[in-house]
Amino acid sequence: MTAPSAGTVEMTIRFPYKRSLGPVIGAFMTGLAGQQILGIRNGSEVMCPPLEWDPKTGKELDHGALVEVGPAGTVVSWTWVPKPSAQHPLDKPFALALIRLDGADTALTHAVDAGSIDAMSTGMRVAPRWKAERQGHITDIEAFVPGEDPQGLDDSRPEEPVTMMPYNAEIPYTLPIAVNTARNAVALKEKRLIGLRCPVCSRTYAGERGFCPIDTTALTAEHEVQLPQTGTLTNYTIITPVQYPGQTETEPFARCMILVDDSDLVIGYQPVIDLPVEQVRVGVRVKLVWGDGDIEGWQPTGEPDVDDPDLVNRIY
Amino acid sequence: MASDDIAIIGWAVSPMERRTAKSEQQMLFEVVTDAVDHAGITRADVDFTVAGSCDYVAGQAFSFVQNIDAVGAWPPKRDSHVEMDGAWALYETWVRLLSGDIDIALATGSGRSSTADPALIYPMEMDPFYLAPLGADAMSFSALQARALLDAGKVTERQMAEIALRSRASATSNPHAQVSGAFDVDAALQTDYVRAPLRKHDLPPITDGAACVVIARADKAREICENPVWIKGFAHYSELHNPGMRDLLTSPSTTLAAKAAGIEEAPVDFAEVQAAFSHEEVILREALGLGQDTPVNRSGGPLAANPVMATGLVRIAETARQIREGQGRRGVAHSTSGPCLQQNLVCVLEGDAR
Ligand SMILES: [Zn+2]
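Read top to bottom, the protein sequences are chains A and B. According to numbering that gives the first Met the number 0, the stretch in the first sequence is residues 0 to 315, in order. According to numbering that gives the first Met the number 0, the stretch in the second sequence is residues 0 to 353, in order.
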């Protein structure tokens, strides 16, 4: 196989963050929850959105010097988003704009729901359209709308100051599958354990590794070797599972390093089978047990343990 | 040259592709191999390596750790990483060589921008309270800056198209260009906006690519290289992040970096600037003090190939190449990071007097 890749794999990474807001941004977000937009005094100017520091000098601002601005303002620049992304606040075409709110000297970035690009112009007046359900978040303003009058005003005010905010984003990625990864997957499906022997230093690596890190040599199909499916447990850890998204284990379990016979290859973080957690130990002789297209784990062979004080050092 | 001077002695730029089948590790392996070969050394001669890359682009946490296998770190080597364009990685190697105890270093920049939709990746670099939750991405902010320039009369949409035309026409002679060739400006101005006032021709392509630059202290550079390209000055400055709090018509951090890099000490023959959006060239020309007769981006610039995380390092490699090939004796390379040219780096390069 000479192609550098064997197709692609798609996956989505989620970024579910919780952020603490601090005294100034927290006050701003609390203001939004109560349909109030706050700026902060910085000398003779008012910054909205507010920061804790003067961005020009780094000097700490008086965090109590918050002043209400807007609610209406003037568009100082804008662009049109014809196809909104999943991260955008609106699911129909809208303008993203820099809006200088009345009483502020800097511009707030936000969406303008103008209906059409033809309704947008620099210098136009806009006012916020408030969400009914507000949590102290920049999107408590659903969008700005053309005109002077805020929309969605109500009497709801937050009972507690807002100190934290959620941030959720997800990005779908399309990544190339390296040739060695694909070839290794085929071997595993065929219940073959393969390694790659470096032509320079003769060290053996796991079948999907791309390069010998010792002498920076590319490892390819011609360096493939068939490995025995037996080995020795050299080191291990017992993991007590804590629950996080994707964790399926509920009881403590072992992850072991296995030195494959007739090679210097150590395969890391392997599960063991028929070997209770309290019996896991350095030196156990094991054989590979195949699952569906992959290694299921390593099972004791019943041979006597290997007694070698250096074995424990073989973690790679 | 004084013994404290530092020179570029080799470089390599990968093919620039919309979607490469190679992993970032494979791209790096090739450019490092080619760059040390170009410098006339081996990986073993390199005392310090710095990589510039981005996990959000790679789609993998700590992606730079496995990249070290391809760069080469045995016997154990001084190594560093910046979550910045490779131009900043090169800056770190340069600062490190100034210490005087090691002689040769290399910097890489690499990225596979094809991994995901830029509109979803780039909000991650924005202010997490006020900007990222709005899905505000780099292209949208660039459009806001372009509008500010248009409203101020500092550029027209036609001039923006002409910058793109000039860049892509001159990219036809660049083997590393991804998008090249002349186009009809009148027809292009009739096309729909992607992010008004930006049309497709105002935008950089989505590019997978990598670059590597090797530098050495003067004595070593003279010893192994016939025509080193000297780093005369190197500096970077940052402005505040939020574009709504800045004057979008100028780039004071570019001007500060250029002054610190000594751009005013002698006339500049040409420049390679990281103007990924056509209108940015107008701001950068002014900030760098370049006249209209100074050639900018003869390589085509980022409008011809934009391997994010390597685009700036490619500007430096391109500047070195043009000097070595005699297209000028003194050139300036520029790189940028953050929305609306937030942070800017300037590197002034010179060939030996002929
Ligand atoms: Zn080797």
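We put the beta carbon where it would ideally sit given N, CA and C, even for glycine.
For residue 26(B), the closest of 206(B), 78(B), 119(B) by C-alpha to C-alpha distance is 206(B). When only Cα atoms are considered, residue 254(A) and residue 281(B) end up about 58 Å apart. With respect to residue 131(B), residue 125(B) sits close: the two C-beta atoms are nearer than 7 Å.
Contact of residue 128(B) with chain A is assigned, a C-beta pair being separated by under 7 Å. By the criterion of at least three beta-carbon pairs nearer than 8 Å, the segment 228-241 of chain A is in contact with the segment 256-266 of chain A.
Rounded to the nearest angstrom, the Cβ distance from residue 176(B) to residue 168(B) is 11 Å, too far for a contact under 8 Å.
At a cut-off of 4 residues, the continuous stretches assigned as alpha helix (DSSP H) that sit fully inside the segment 232-320 of chain B are 251-259, 279-287. Per DSSP, residue 207(B) is one residue of the beta strand (DSSP E) stretching across 207-216.
Not one heavy atom of ligand 1 lies closer than 6 Å to the C-beta of residue 295(B).
Proximity of residue 118(B) to chain A, defined by a Cβ-Cβ separation below 7 Å, is satisfied. Using a cutoff of 6 Å, the CB of residue 213(A) counts as near ligand 1, since one of the ligand's heavy atoms is closer than that. Just so you know, the alpha carbons of residue 145(B) and residue 216(A) end up roughly 47 Å apart.
In the DSSP assignment, residue 158(B) falls within the unbroken alpha helix (DSSP H) covering 156-169.
Taking a C-beta distance under 7 Å as the contact criterion, residue 320(B) and residue 332(B) do not qualify as a contact pair. Relative to ligand 1, even the nearest heavy atom lies 6 Å or more away from the CB of residue 224(A).
Every unbroken stretch of the beta strand (DSSP E) spanning 3 or more residues and falling wholly within the segment 64-90 of chain B is given here in chain order: 77-81.
Residue 170(A) carries a strand assignment under DSSP once its states are collapsed to helix, strand and coil. Shown here, residue 17(A) sits in a strand according to DSSP, grouped into three states.
The three-state reading of DSSP puts residue 40(B) in coil, since its state is none of H, G, I, E or B. Residue state for residue 308(A) is assigned as coil, using DSSP reduced to three classes. A direct Cα-Cα distance of roughly 17 Å separates residue 151(B) from residue 96(A). Sequence-distant Cβ neighbours of residue 93(B) in its own chain, meaning closer than 7 Å and more than five residues away, are 5, 214, 230, 233.
Residues 237, 238, 240 of the same chain have their beta carbon placed closer than 7 Å to that of residue 341(B), with the five preceding and five following residues left out of the count. Taking 7 Å as the threshold, the shortest C-beta distance from residue 175(A) to chain B falls below it.
Not a single CB atom of chain B sits nearer than 7 Å to the CB of residue 52(A). Residue pairing from DSSP places residue 235(A) in a beta bridge opposite 255(A).
If you look at residue 117(B), you'll find it in the alpha helix (DSSP H) that goes 117-120. Residue contact check for residue 106(A) against chain B: a CB pair falls below 7 Å. Within its own chain, the residues whose Cβ lies closer than 7 Å to the Cβ of residue 123(B), once the five positions on either side in sequence are excluded, are 55, 131, listed in chain order. Here residue 334(B) carries a strand assignment [DSSP, helix/strand/coil]. Neighbours of residue 150(B) in chain A, taken as residues whose beta carbon is under 9 Å from its own, are 75, 76, 121, 122 in chain order.
With a cutoff of 7 Å on beta-carbon distance, residue 134(B) and residue 87(A) are scored as near each other. For residue 86(A), the chain B residues whose Cβ falls inside 7 Å of its Cβ are 119, 122, 134, in order along the chain. In this structure, the beta-carbon distance from residue 257(B) to residue 287(B) falls below 7 Å. Taking 6 Å as the cut-off, the C-beta of residue 216(A) counts as close to a heavy atom of ligand 1.
Only buried fits residue 119(A), as 16 or more other CB atoms lie within 10 angstroms of its CB.
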